[in-house]
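Trainee: Before anything else, here's the structure in question.
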Amino acid sequence: MVPGWRAHGPQLMDALVAFGLSWIELSRHHPLQERNDAIMRFRPDAPIADVATFVQTARRLAARLPLRWVCLVQRGGVDNADAIAQYIACARSCGTSQVIFRDVSRLDDAYRSNGTLRYIGEHRVGVDTLLDKRMQQPWWSRWQPDGLTEGDYFWNVRLRDDAGLQVVFESADDTAMHMRHASGDLYKLVFFANARLCAGWDAAADVLWEPPDG
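Each residue of the sequence shown is one higher than the one before, starting from 2 at the first, in the working numbering.
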């Protein structure tokens with residue numbers, strides 16, 4: 002956590018509650034410290050890297066505001082049904098109201114080969130694969146469908162149990178995004194700091210509007 006949070010955590014939390022913040026989101030990619038450390042990188046002096054400190058912090062946050070946990074599923078991390086169940090149990094024990102399992106986006110050949118692309122190729126686990134594995138488990142029947150969303154590059158499935166915990170499985174596909182954007186249909190509006198309104202994340206392309214004075 003940043004030094005300001007460590008020094009002024011209670012005051013910051015009071016301010017966030019007073020502001021009416023909808024939720025706080027924490028990233029954790031495996032409940033076991035050694036597995037998480039192999040995926041996430043922390044500065045040597047970051048207390049939040051320690052799993053006990055993370056759990057304590059998560060519980061303090063959940064006591065004041067709705068808390069989400071986000072897990073980037075991948076080989077070596079959460080990559081099977083047992084790991085999903087373990088992660089959900091840990092999140093539940095910390096008072097989390099929503100858990101999001103998100104896969105690394107499926108990429109096409111438009112991307113240059115580099116370390117990031119190789120890592121994705123070696124470690125990517127599709128959410129659809131995990132969903133299929135999870136549906137084979139005896140505890141699957143305890144979860145009820147809560148919704149489904151499909152966007153220009155992603156889809157998700159939302160489930161909820163009797164206790165109210167929501168679990169989201171979300172997948173992204175850059176290939177589908179590029180195909181849809183190339184169709185000429187409008188899928189998103191992005192307003193940039195240079196005052197350009199664009200149909201994508203490139204401030205120099207698909208400009209829909211800009212100030213007359215540039």
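Every residue, glycine too, gets a C-beta built ideally from N, C-alpha and C.
As the structure is a computational prediction, the values presented were derived from the model and not from experiment.
Quick check on ALA164: buried or exposed, where buried means 16 or more other Cβ atoms within 10 Å of its Cβ?
Mentor: With fewer than 16 other Cβ atoms within 10 Å, it is exposed.
Trainee: If you draw a straight line from the alpha carbon of THR37 to that of LEU209, how long is it in whole angstroms?
Mentor: The residue asked about is misnamed: residue 37 is Asn in this sequence, not Thr. The alpha-carbon atoms of ASN37 and LEU209 are separated by roughly 42 Å.
Trainee: Note the first and the last residue of the continuous beta strand (DSSP E) segment covering SER172.
Mentor: 167-173 is the span of the beta strand (DSSP E), which, as asked, contains SER172.
Trainee: On a CA-only basis, which of MET14, TYR154, PHE43, GLN34 is nearest ASP109? Give me that one, please.
Mentor: Comparing Cα-Cα distances from ASP109 to each of MET14, TYR154, PHE43, GLN34, the minimum goes to TYR154.
Trainee: Is GLY77 helix, strand or coil by DSSP?
Mentor: Looking at GLY77 - three-state DSSP - the assignment turns out to be coil, as it is neither helix nor strand.
Trainee: Could you give the C-beta distance for ARG65 and MET136, rounded to a whole number, given that I count them as a contact under 8 Å?
Mentor: With 8 Å as the limit, ARG65 and MET136 do not qualify as a contact, their Cβ atoms being about 35 Å apart.
Trainee: If we count the other Cβ atoms within 10 Å of its Cβ and call it buried at 16 or more, is ALA92 buried or exposed?
Mentor: Looking at its Cβ environment, which holds 16 or more other Cβ atoms inside 10 Å, ALA92 is buried.
Trainee: Classify THR150 as helix, strand or coil using the three-state DSSP reduction.
Mentor: In this structure, THR150 counts as strand in the three-state DSSP scheme.
Trainee: Nearest to GLN74 by alpha carbon, out of SER23, VAL191, MET41?
Mentor: The residue asked about is misnamed: residue 74 is Val in this sequence, not Gln. When only C-alpha atoms are compared, the closest one is MET41.
Trainee: Bridge partners of GLN145, per DSSP?
Mentor: Answer is ARG161.
Trainee: Relative to the C-alpha of LEU166, which candidate in CYS95, GLN34, ALA50, PHE55 has its C-alpha closest?
Mentor: If we check each option's Cα against that of LEU166, CYS95 comes out closest.
Trainee: Can you tell me where the beta strand (DSSP E) with PHE102 in it begins and where it stops?
Mentor: From DSSP, the beta strand (DSSP E) with PHE102 extends over 99-104.
Trainee: Less than 8 Å between the C-beta atoms of GLN99 and VAL18, yes or no?
Mentor: Cβ distance not < 8 Å, so GLN99 and VAL18 don't count as in contact.
Trainee: With a cut-off of 8 Å on the beta carbons, I'd call GLN145 and LEU160 a contact; round off their distance for me.
Mentor: With a Cβ gap of about 7 Å, GLN145 and LEU160 count as contacting.
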